[in-house]
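Structure first, then comments.
Right, here's the structure in full:
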């Protein structure tokens with residue numbers, strides 16, 4: 001994997017398949033229902049992608065190192081809850097709430113990273129534990145009741161407002177803007193920085209990196225911390241969209257995010273992957289959900305189709321790789 | 001002795017490579033026939049044809065005088081052709097017997113496995129090999145040598161009359177090799193034909209009856225092992241006579257001391273090791289497998305902790321608890337296992353060369369200066385004559401020798417002035433070896449302090465200015481360069497102060 005392939009604009013061939021599937025889905029749904037390809041519906045799809053997309057970008061970083069993070073869903077919720085505590089209960093100003101969300105995420109990511117890198121607990125187990133711990137903490141802190149943000153003016157605009165809509169006549173929600181900014185920064189980090197290089201190197205051959213004199217523990221913790229901070233941003237987005245921190249929410253989001261990463265062509269065994277692929281993967285999932293809903297397919301069938309798509313996507317990726325080698 | 005196998009004019013091409021060019025080979029029952037050649041000569045491909053992995057493009061294979069087709073490994077097995085691969089393919093969590101009969105388990109009713117028969121049958125095979133082995137032992141707990149015996153038993157369980165062994169002694173110590181040879185001799189006596197692939201000349205002389213040499217996919221010739229001197233076999237392999245260059249030992253009496261290791265111990269692996277190394281010196285480490293040389297290197301490099309002792313770099317005591325600290329002290333380690341410990345094979349040449357030096361070529365917020373690294377990478381590609389189409393080529397597509405050069409470039413870029421080479425030419429063919437030797441000599445001439453660990457005595461002799469010999473975790477002696485092999489072997493087998501050899 002070279003740095004070129006890791007950037008947002010990365011190797012076209014790798015994502016061609018996913019991208020083509022996305023186009024086919026969009027065209028298919030547009031032909032099947034006149035309600036699908038409407039500005040309002042497209043915006044709804046993008047808005048629905050924002051939270052899952054941000055989470056998926058975060059977990060992409062971890063998966064490229066050869067790890068996994070199951071705690072991202074409940075971490076997102078915990079970040080939203082802590083933001084509620086700071087803004088609603090303590091009445092602090094909005095910027096401090098934003099800082100709380102990102103800070104909480106980074107701190108929890110740091111803990112997960114420490115468990116994995118320093119204490120050598122397998123990522124699956126360490127983050128499974130974190131997932132449950134954070135779910136419990138969210139319920140304990142809130143006393144199982146949602147925290148509403150009615151007292152914080154402008155909180156809902158974080159995700160629902162439209163800065164872009166004020167400039168051009170296209171009401172792109174801020175949540176989507178945030179997703180693209182997060183994705184852009186993550187792609188830049190992966191493609192252009194030392195942290196990004198080590199992310200790929202760790203996934204490619206961790207022991208070789210260590211024996212090159214690189215402090216692998218430090219960098220691994222840094223990657224988990226960064227991914228945690230990104231989950232914090234997802235927490236802000238979901239809280240803003242719901243105008244509340246829902247402590248019972250969160251479980252299941254991690255699997256949707258991981259599914260998006262996998263559909264986007266990132267290898268679960270580490271060493272290769274792209275942010276652009278993850279974005280496409282997240283879009284495929286929300287286009288599918290939305291399109292099936294527009295066609296009035298029952299929700300239970302939507303789940304079945306999503307599952308099948310994941311399997312087909314990974315199988316196609318395997319076939320492509322076998323063909324190459 | 002009757003003819004067991006004959007391969008005639010075997011030809012095989014892969015996209016871009018003519019791997020086998022009309023190769024002939026035959027095997028008699030009750031003989032050990034060595035197959036030799038440099039890496040890439042086509043030995044493995046030929047054996048894959050014989051064991052049914054590859055189908056040849058043309059040519060004929062006869063077993064017992066009958067022409068046969070070997071479209072699948074199963075077909076080869078059914079004809080009694082068994083192969084023991086270099087990388088053992090056992091399931092670690094299953095027992096010895098379960099491994100031997102995998103896929104052919106004796107059944108009882110309702111699909112239950114007849115474990116009693118399974119174990120008894122396995123025990124019978126080991127009895128016929130005159131080996132004590134409990135078939136119920138999990139494979140995980142066995143040494144590599146014992147695992148190999150399981151593989152042999154497995155091959156015999158197919159009633160193999162032809163046994164192909166691909167570098168069977170690569171990971172064995174002397175005692176284990178002796179036991180393996182005893183088994184081979186017994187199998188021979190029972191009429192089994194054995195094809196033996198190895199790079200070790202002394203073994204070939206010891207065990208084989210005939211030697212066939214291949215070069216660049218072509219058959220070179222077959223000779224009788226007893227009547228042919230080693231130099232003749234080598235010249236057949238490389239296509240020219242290799243002259244043994246005598247080592248020239250530079251005068252280092254006024255050179256600065258680069259590294260001092262004082263009384264270093266760890267567990268049972270390293271016992272009170274002390275030595276020093278000067279700038280510009282190549283110190284060779286000889287010893288048998290398991291003597292503790294790699295462990296010593298990893299201890300100096302901080303990859304494993306030491307219990308006691310001191311390490312000084314340029315006269316200053318340093319505490320080295322991790323490879324990161326060793327690198328900061330200017331020590332670089334080139335692992336014996338490049339693929340696992342030295343390189344990120346999926347990444348490109350440039351990224352691998354930069355791996356240890358990224359922080360020096362990035363700014364405060366961690367942006368990598370790719371332009372500078374591209375220039376540096378191209379510099380090293382030219383300087384070390386790394387054969388690669390570009391600095392963006394993925395490392396897995398390079399040959400072993402060129403991969404090794406990339407590792408060397410990585411440490412040179414990091415300005416390490418103490419370099420530890422652990423088996424620097426393992427898996428590298430004869431031509432590329434000479435280039436690595438030349439490179440090491442140049443590095444020493446530039447003032448680098450170099451440690452070379454090698455299991456090949458000729459390599460140690462050819463490179464070292466001084467030779468340190470280890471046995472069972474102790475440094476048993478340091479000899480001047482060019483010392484004779486008997487002295488080195490005596491020190492290498494000096495168990496607890498007594499010479500065993």
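Chains as they are written, first to last, in the UniProt record's numbering: chain A, 1 to 325; chain B, 1 to 501. Beta carbons are placed, not taken as given, at the ideal position from N, Cα and C, and that holds for glycine.
Check	Outcome
Identity of the residue in B:117, B:318, B:297, B:151 nearest residue 100 of chain B by Cα	B:151
Segments assigned alpha helix (DSSP H), at least 4 residues, entirely inside the stretch 323 to 395 of chain B	323 to 328, 349 to 354, 370 to 383
Against chain B: residues of the stretch 249 to 269 of chain A by CB proximity under 9 Å	none
Nonlocal neighbours in the same chain, by C-beta distance under 7 Å from residue 2 of chain A, ignoring five residues either side	At residue 2 of chain A the pLDDT is 40, less than 50, meaning the model places this residue with poor confidence; the figure from the coordinates comes in the next sentence. Around residue 2 of chain A: no qualifying Cβ.
Proximity of residue 142 of chain A and residue 235 of chain A at Cβ, strictly below 8 Å	no
Per-residue DSSP class, three states only, for residue 73 of chain B	helix
Nearest-angstrom Cα separation, counted from residue 146 of chain A out to residue 267 of chain B	58 Å
Endpoints, the alpha helix (DSSP H) within which residue 81 of chain A is located	72 to 84
Cα-Cα separation between residue 209 of chain B and residue 199 of chain B, rounded to whole angstroms	16 Å
Nearest-angstrom Cβ-Cβ length linking residue 129 of chain A and residue 231 of chain A, presumed shorter than 8 Å	Contact doesn't hold; Cβ gap of about 16 Å is too wide.
Whole-Å CB distance - residue 256 of chain B paired with residue 279 of chain B, under 8 Å assumed	5 Å
Endpoints, the beta strand (DSSP E) within which residue 36 of chain B is located	32 to 36
is_contact[residue 15 of chain B, chain A] using C-beta, thresh 8 Å	no
Close beta carbons around residue 291 of chain B, own chain, < 6 Å, minus the five adjacent residues each side	470, 471
Distance, residue 318 of chain A Cα to residue 237 of chain A Cα	34 Å
Cβ-based burial, residue 95 of chain B [other Cβ within 10 Å; buried from 16]	buried
Limits of the alpha helix (DSSP H) - the one that residue 26 of chain B falls within	Premise fails: residue 26 of chain B lies in the beta strand (DSSP E), 17 to 28, not in any alpha helix (DSSP H).
First through last residue of the alpha helix (DSSP H) which encompasses residue 126 of chain B	115 to 128
Whole-angstrom distance between residue 226 of chain A and residue 468 of chain B, CA atom to CA atom	48 Å
Contact the stretch 31 to 38 of chain B vs the stretch 187 to 199 of chain B: 3+ CB pairs below 8 Å	yes
Where residue 199 of chain B meets chain A, residues with beta-carbon distance less than 8 Å	Simply none; closest approach about 25 Å.
The stretch 20 to 36 of chain B contacting the stretch 203 to 218 of chain B, beta-carbon criterion three pairs below 8 Å	yes
Residues that DSSP places opposite residue 206 of chain B in a beta bridge	Partner(s): none; residue 206 of chain B has no beta bridge.
Proximal residues, the stretch 105 to 138 of chain A versus chain B, C-beta separation under 7 Å	none
Which listed residue (B:494, B:252, B:312, B:439) has its alpha carbon closest to that of residue 480 of chain B	B:252
Contact with chain B by residue 185 of chain A, beta-carbon distance below 8 Å	no
Simplified DSSP assignment, three categories, for residue 158 of chain B	coil
Length of the line joining the Cα atoms of residue 221 of chain B and residue 214 of chain B	7 Å
Presumed contact (8 Å Cβ cut-off) between residue 258 of chain B and residue 417 of chain B, rounded CB distance	7 Å
CB contact flag (residue 126 of chain A, residue 112 of chain A, <8 Å)	yes
Chain B residues whose Cβ lies nearer than 8 Å to that of residue 207 of chain A	340, 341
Backbone CA spacing between residue 50 of chain B and residue 197 of chain A [nearest angstrom]	44 Å
Chain-ordered neighbours of residue 227 of chain A on chain B, where CB pairs are closer than 8 Å	Here the premise fails: no neighbours, minimum Cβ distance about 16 Å.
Sufficient close CB pairs (3 or more, under 8 Å) joining the stretch 206 to 223 of chain A to the stretch 333 to 344 of chain B	yes
Heavy atom of the ligand HEM within 7 Å of residue 371 of chain B beta-carbon	Ligands displayed in this structure: none; no statement on the ligand HEM is therefore possible.
Rounded C-alpha distance that separates residue 497 of chain B from residue 453 of chain B	With a pLDDT of 48 at residue 497 of chain B, under the threshold of 50, the modelled position of that residue is not reliable, and the figure given next carries that caveat. So the two alpha carbons sit approximately 22 Å from each other.
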